[in-house]
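Asker: FYI, the numbering for the sequence shown is -6 to 406, going by our numbering.
Once you've had a glance at the structure underneath, I'll fire off some questions.
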Amino acid sequence: MKIVFLSQSGAIGGAERVLLDLMAELHQCYPHWAIDLIAPAAGPLVEDTRAIGVAAHVVEFPAALARLGDSAPASRAGHLLLQLGRLGASSPAVHRYANRLNGMLVARDPDLIHANGFKMHLLGARAAPPRSALVWHVHDFVGARPLMRRLLRAYAGRCDMAVANSRAVAADLRTALGPSPRVAVIYNGIDLERFVAGGDTVDLDAIAGLPAAPPDVVRVGLVATAAHWKGHRVFLRALALLPRALPVRGYVIGGAVYHTRQSQISLAALRQEVTRLGLAERVGFTGFLPDIAPALHALDIVVHPSIQPEPFGLVVAEAFACARAVITSGSGGVAEFVEPERNALVHRPGDAAGLARAIARLLDDPGLRGRLGEAARITAASRFGRQRMAEEFAALYRAMVNAGANDAAAARS
Ligand code: GLC
């Protein structure tokens, strides 16, 4: 089997973490398969791919294509849509890029192309040689992105199978695209040897430049890319609502990893908010951390206050595997594995007071933190191993490639 993976980002956010784990597991289980990655920029994804022994190539996105997207908040999305429209199928930059990609793909002659991210879904559809099966691995909701939806619809005929990371994303895709392509659900997997209960930890205070905390402090953290919908402000407002005397510290872990214009919030603005809310001594910013398992181990409580439905919620699965007590706004894909009060606490999206109440409950009750964490660990162990994910993808690839071979035989006879 020859597979080429296409990534729309050279950075490592959730979608790329899953891609890396998938490639690592496939490479390990099927060493005779030829696997290549094509990424649009040098950087962590390319380095980490090479480190697992998979060939990685950079075909650089032109700057305009790298910044382009319609994932900004609706209030700011208008002019982005215009740009995206201009960059539609006929733009010379897109045309040149698709031609370069096609050259690489023709040279490799893959049985199957696995495209990660909306931009690569479109470019992959344009560049895929006719004999290669094409999989779109869909990590986000497209319903809320009007132009991307239209473009995906236009290219859906070339896609043989879309794989969604949750049932919520699958339902959104079916509504957005109609009956074609077929949509399958494969839940994300994580590395259950790295994300374990207890293990290496880091000094979050030192990283964030805070003085050492008193020994009884309870650490509460939000781990996310700086996307505008991840609920950073809800988290800060919740911390400000807690009585000052409580021994609690908050941590904002992660930074702006993607370059899509206006899709990310500014950490500088969040720091101002921290000062305005009088939280300067109680909240730390670590910035992007290349390895978040030790950071999760250092936290007592992990919050996930996304203000929009979360497509899957990789960090929730990772925190579960680390047996952390999680508080989540619980909508979208997360709702498919969170059982309120059993493996996590849930508050309404955007409800800072509800989040503050849940944090206060867990501060007071280490026993509850332990019970939630243990139930969460069992959920992650039974559902989110990356081996299960890789096996599901491998079965799907084989079925698609065999179906393609049968079609070709039928056409010849
Ligand atoms: C995207 C989604 C996130 C998901 C990740 C991996 O980043 O927004 O919910 O966990 O992809 O599939």
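For every residue, glycine included, the Cβ atom is placed at its ideal position computed from N, Cα and C.
This structure is a prediction, so every number in the text was calculated from the model and none was measured.
#1: Note the first and the last residue of the continuous beta strand (DSSP E) segment covering Ser0.
#2: What are the boundary residues of the alpha helix (DSSP H) that Leu235 is part of?
#3: If you draw a straight line from the C-alpha of Thr218 to the C-alpha of Glu266, how long is it?
#4: Just checking: is the beta-carbon of Gly214 within a distance shorter than 8 angstroms of some beta-carbon in chain B?
#5: Ends of the beta strand (DSSP E) at Tyr244?
#6: Could you spell out where the alpha helix (DSSP H) holding Arg376 opens and where it closes?
#7: Apart from the five residues on each side of it in sequence, which residues of its chain come closer than 7 angstroms, Cβ to Cβ, to Asn10?
#8: Within its chain, find whatever has a CB closer than 7 angstroms to the CB of Ala205; leave out the 5 residues flanking it on each side and keep chain order.
#9: Could you have a look at Gly214 and say whether DSSP puts it in helix, strand or coil?
#10: Helix, strand or coil for Gly136 per DSSP?
#11: For ligand 1, is there a heavy atom less than 7 angstroms away from the beta-carbon of Val11?
#12: Less than 8 angstroms between the CB atoms is what I'm expecting for Gln1 and Phe111, so what's the real figure, rounded?
#13: What do you reckon, is the C-beta of Pro304 under 7 angstroms from a heavy atom of ligand 1?
#14: Less than 7 angstroms separating the Cβ of Asn158 from some heavy atom of ligand 1?
#15: Taking the straight line between their C-alpha atoms, what separation do you get for Ala70 and Pro207?
#16: What number of angstroms, rounded off, separates the C-alpha of Asp196 from the C-alpha of Tyr244?
#17: Tell me the rounded alpha-carbon separation between Ala27 and Glu40.
#18: Is any non-hydrogen atom of ligand 1 found closer than 7 angstroms to the C-beta of Asp133, if you look at the structure I gave you?
#19: Regarding Gly110 and ligand 1, is the C-beta to nearest heavy atom distance less than 7 angstroms?
#20: Grab me the residues of Phe54's own chain with a C-beta within less than 6 angstroms of its C-beta, minus the 5 sequence neighbours each way, in chain order.
#21: Taking all protein chains shown into account, do 16 or more other C-beta atoms lie within 10 angstroms of the C-beta of Ser68, making it buried, or fewer, making it exposed?
#22: What does the alpha-carbon distance come out to for the pair Ser299 and Gly280?
#23: For ligand 1, is there any heavy atom lying closer than 7 angstroms to the beta carbon of Leu(-1)?
#24: Mind checking Val99: buried by the 16 CB within 10 Å criterion, or exposed?
#25: With respect to the alpha helix (DSSP H) encompassing Asp41, which residues constitute its N-terminal and C-terminal limits?
#26: With a cut-off of 8 angstroms on the beta carbons, I'd call Gly343 and Val331 a contact; round off their distance for me.
#27: When every heavy atom of ligand 1 is checked, does at least one fall within less than 7 angstroms of the C-beta of Leu307?
#28: Just to check, is the beta-carbon of Gly6 closer than 7 angstroms to a non-hydrogen atom of ligand 1?
#29: Is Gly202 a contact residue of ligand 1, with contact defined as CB to any heavy atom under 7 angstroms?
Answerer: So, from the listed chains and residues:
#1: -5 to 0
#2: Run containing Leu235: none; DSSP gives neither H nor E here.
#3: 18 angstroms
#4: Any reference to chain B falls outside this structure, which holds one protein chain only.
#5: 241 to 246
#6: 359 to 376
#7: It should be noted that the sequence gives Arg, not Asn, for residue 10. Here the set comprises Leu307.
#8: Asp198
#9: strand
#10: coil
#11: yes
#12: 7 angstroms
#13: yes
#14: yes
#15: Annotation note: pLDDT 48 at Ala70 (below 50); position unreliable, no value reported.
#16: 12 angstroms
#17: 18 angstroms
#18: yes
#19: no
#20: Pro33
#21: The predicted model places Ser68 with a pLDDT of 49, which falls under 50 and marks its position as unreliable, so this point remains unresolved.
#22: 18 angstroms
#23: no
#24: exposed
#25: 37 to 44
#26: Rounded, the Cβ-Cβ distance is 17 angstroms, inconsistent with contact.
#27: yes
#28: yes
#29: no
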